[in-house]
Each structure stands twice: as structure tokens, then as C-alpha cells.
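Letter by letter, the sequence shown follows residues 118 to 424 of this note's numbering.
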Amino acid sequence: MIVISTTVPKVQKWLEDAFLQYAPQGSYCLADSEQAIYATTAVSWFPDLDHLEKLPELKLIHSMAAGVEHLNLDRIGTQYKVCRVVDQLHQKGMFDYLQWGVLYYQRFFDQAFVQKRQQRWRQYPQREHAELKIGIMGLGQMGGYMAKQFAALGYQVSGWSRSPKNIAHVSCYAGDEDFDTFLGQAEILINLLPLTENNQGILSKSLFDLLPEQACIINCGRGQHLVEQDLINYLDSGRLRGAILDVFSKEPLVENHPLWQHEKVVITPHVASHAPWSVVVNQILENDQRVIQGQALLNQVDTLKGY
Ligand code: NDP
Numbered sequence: 118m119i120v121i122s123t124t125v126p127k128v129q130k131w132l133e134d135a136f137l138q139y140a141p142q143g144s145y146c147l148a149d150s151e152q153a154i155y156a157t158t159a160v161s162w163f164p165d166l167d168h169l170e171k172l173p174e175l176k177l178i179h180s181m182a183a184g185v186e187h188l189n190l191d192r193i194g195t196q197y198k199v200c201r202v203v204d205q206l207h208q209k210g211m212f213d214y215l216q217w218g219v220l221y222y223q224r225f226f227d228q229a230f231v232q233k234r235q236q237r238w239r240q241y242p243q244r245e246h247a248e249l250k251i252g253i254m255g256l257g258q259m260g261g262y263m264a265k266q267f268a269a270l271g272y273q274v275s276g277w278s279r280s281p282k283n284i285a286h287v288s289c290y291a292g293d294e295d296f297d298t299f300l301g302q303a304e305i306l307i308n309l310l311p312l313t314e315n316n317q318g319i320l321s322k323s324l325f326d327l328l329p330e331q332a333c334i335i336n337c338g339r340g341q342h343l344v345e346q347d348l349i350n351y352l353d354s355g356r357l358r359g360a361i362l363d364v365f366s367k368e369p370l371v372e373n374h375p376l377w378q379h380e381k382v383v384i385t386p387h388v389a390s391h392a393p394w395s396v397v398v399n400q401i402l403e404n405d406q407r408v409i410q411g412q413a414l415l416n417q418v419d420t421l422k423g424y
């Protein structure tokens, strides 16, 4: 039995609709129903842990998404198993978004918008893929896939992770000792790190200082990775060229936030990529069966590492 557990009303509705459409009747229930005491798995986004901890059969807390920072892993510890969603269409959706973002800068569409407002006709160069250096922070399910796809298109790709990686046609860097070298090559820096205790605020002035002049940032990780005021300062000074932001420390981004008005910032409302609901529901149903039968789980998270 799967219980839907979220403190976000909009997400509650999404999950109810998705389970109604894709899960067999009787396989899931709402948090306030009598069946919840039989729940073995909770599907969650900012769950009510006080409530979940009262459920006697609960073994697994399953993120409805790729990220797990919203689950409060510090509190969960090793009390429950934790899983997340990994999916090829999810990866492909992210690549579509990022390819658009890279082309936006590569083909100077950011300039085109400025020039249109000024009614100014000035042509810009056509940069080839092979000239452009893309740096990807995080080389997991998302970042690793993006690195391979961009490399296959002929871009110069480098990537950075915690542990060393070996990806064909990608310059792989790992750990603190390689960070400066990695950043020095990233004309377009893409963040696909999971949010953990030790990388909050990583996109800040000390990182920006290490990027090439006029570098661009694409943040698809989490809003808390970014120190927003540092970004604004570096854009205003001209040290950075622009930023595409999909995630924010507080979502929805508040009215009148300076980022809304900034002409060098593109804002998308956390839509870079979502796994199809059918996939989300089926992965959770599958993991519920596995946890009941004591089998290995799909896409299990290391709660101590935080991702
Ligand atoms: P994975 O867990 O598969 O990969 C995480 C990667 O980040 C790994 O390569 C890991 O290194 C690296 N990493 C983690 N911490 C550090 C650190 N402190 N220093 C260096 N590298 C680090 O996650 P996914 O690729 O599936 O997803 C990543 C994130 O992308 C999600 O957590 C979510 O926040 C975001 N996301 C955003 C979406 C959106 O629509 N905006 C959609 C989907 C995901 P190592 O391999 O060595 O462990």
C-alpha cells in the first residue's frame, strides 16, 4: 500500500490525479484515510514526517522526483529506505532544455533580444559547436547523460563530480583539487548537482571568479545552490554574461524579486524536465512490491551521502 504524503496542496492534487490514472485501485491511499496504517511506501514531496512516523508498516519513502533534498534526510537517517525517480525521458527532457540554453548563448539570441528592444541591426558571429566549452557540475544520471550528449554533438565538454569518472570525449574532473581547473574551462556552466549540506551556495562569487570572462550560468540543480545577490553583482559588473535559472531557493519566485527584472537573466518556473507521471507511478509501485518482498530497490538513495 502506498500513501500519498506531501504538505504542498498543489502537489497533493498532482499525485492524486496521477495515482488515480495509473495505479490499480486499492494500491494507494491518502494520508488521512484509514488504510494509511497499512502503508509500506510513502510517495513524497515535502512530506509530513510526524504523520509518516506513526505508520507502523512504513519501510520506504519515495521521492516523486529525481531530487531528495525535500525529504529531510537528516531526520529520516537510516529509519526508512529512500528512493527517487530516474528515467530516460526525464534525461531527454533535460537535454532538450539544456540544448536550447546552450544555443541561446552560442548563437547570441540573448543579444538578439537586447538589440530588438533597441531596434539595432548588428550581426554576430556563428560559433561552431567545437569552439564552445561546456562545463557540467554533477556527472550522475542527469549530468553524465548531458555530458555524453553534448560531446556527441561535438562540443568541448568537461564535467565535475565527487568521485573520478571516465566518459568518452569528456574531460572529467573530481573533488576539490580539480575544481579550479574545471571551472577555468567552463564558458557555459551547467549545474546538475543534487542539493546537499556541503554544496549549498556553491554558485557564488568565489566560483564566479574562477570562470572565464563572460561565462554563462545555467542552474537546473536547486535554488539553494545559488547565492542570488552574487550572481546579480557579477552580471551587473559585466564579469558574467548571463544566466538561465530554472530553480529558486523559494518557489514560486516571489513577486518583485530583482531577478524577474534583470535583463541578463532568463527565468523558467522549475520546468527543465519532469518524468512522465506514468513512469513515476510505475517506479513507485515496483519499489513498493520490492520493499514488501525484501528485494533490492530501484534508484535507492544513500541517505548518509544525501543523494
Ligand atoms: P545523481 O545522484 O545521479 O548524480 C549526482 C552527481 O553529483 C554525481 O555525479 C555526484 O558525484 C555529484 N555530486 C554530488 N555532490 C557533489 C559534490 N559535493 N561535489 C561534486 N560532485 C558532487 O543525481 P541526478 O543526476 O539524477 O540529479 C541531480 C540533480 O538534478 C537532482 O538532485 C535535482 O536537484 C536536479 N534535477 C533538476 C530538475 C529540474 O527540472 N530542474 C530535473 C531533474 C533533476 P559522484 O558521482 O562522484 O557521487
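Every residue, glycine too, gets a C-beta built ideally from N, C-alpha and C.
Can you tell me whether DSSP reads residue i as helix, strand or coil?
i, result
"Ser395", "helix"
"Asn283", "coil"
"Ser161", "strand"
"Ala264", "helix"
"Ile335", "strand"
"Gln216", "helix"
"Leu370", "coil"
"Val388", "coil"
"Tyr222", "helix"
List the endpoints of the continuous beta strand (DSSP E) containing residue i.
i, result
"Lys176", "Unbroken run through Lys176: none, as it is neither H nor E."
"Val120", "Ile119 to Thr123"
"Leu190", "First-last for Leu190: Leu190 to Ile193, but that is the alpha helix (DSSP H), not the beta strand (DSSP E)."
"Tyr351", "Tyr351 -> not in any beta strand (DSSP E); alpha helix (DSSP H) instead, spanning Glu345 to Asp353."
Just to confirm the assignment, what range does the alpha helix (DSSP H) spanning residue i have?
i, result
"Arg234", "Phe226 to Gln235"
"Tyr139", "Pro126 to Tyr139"
"Lys322", "Lys322 to Phe325"
Tell me the rounded alpha-carbon separation between residue i and residue j.
i, j, result
"Ala140", "Val274", "40 Å"
"Ser425", "Gly255", "Only positions 118 to 424 of the chain appear in the structure, and residue 425 is not among them; the question remains open."
"Asn283", "Gly261", "10 Å"
"Leu215", "Ile335", "8 Å"
"Ile373", "Gln152", "Ile is not the amino acid found at residue 373; the sequence shown has Asn there. Approximately 44 Å between the Cα atoms of the pair."
"Asp149", "Ile121", "9 Å"
"Ser288", "Ala264", "9 Å"
"Glu186", "Pro369", "17 Å"
"Gln346", "Val371", "15 Å"
"Glu314", "Asp353", "29 Å"
"Glu143", "Gln406", "Here the sequence assigns Gly to residue 143, which means Glu is not the residue at that position. Straight-line Cα distance between these residues: approximately 14 Å."
"Gln208", "Arg201", "14 Å"
"Asp227", "His379", "12 Å"
"Trp217", "Gln258", "20 Å"
"Arg234", "Asp134", "43 Å"
Report the partner residues of residue i according to the DSSP bridge assignment.
i, result
"Val383", "Ile361"
"Trp277", "Met254 and Tyr290"
"Leu309", "Paired residues: none, contrary to the question."
"Gln243", "According to DSSP, Gln243 bridges with nothing at all."
So does residue i have its beta carbon nearer than 7 Å to some heavy atom of the ligand SAH?
i, result
"Pro369", "Absence of the ligand SAH from the depicted structure is noted, with the ligand NDP being the only ligands included."
Compare the C-beta of residue i with all C-beta atoms of chain D and state if any pair is closer than 8 Å.
i, result
"Glu174", "The question asks about chain D, but that chain is absent: this structure has only one protein chain."
Below 8 Å, can you find three or more Cβ-Cβ pairs linking the segment 378-393 to the segment 355-365? Two segments are said to touch when three or more pairs of C-beta atoms, one from each, lie closer than 8 Å; by this definition the segment 378-393 touches the segment 355-365.
Meets three-Cβ-pair contact criterion under 8 Å: the segment 178-195 and the segment 234-251: Segments in contact, no.
Would you be able to state if there are at least three C-beta pairs under 8 Å between the segment 289-303 and the segment 266-280? Using a C-beta cut-off of 8 Å, the segment 266-280 makes contact with the segment 289-303, since at least three inter-stretch Cβ pairs fall below that distance.
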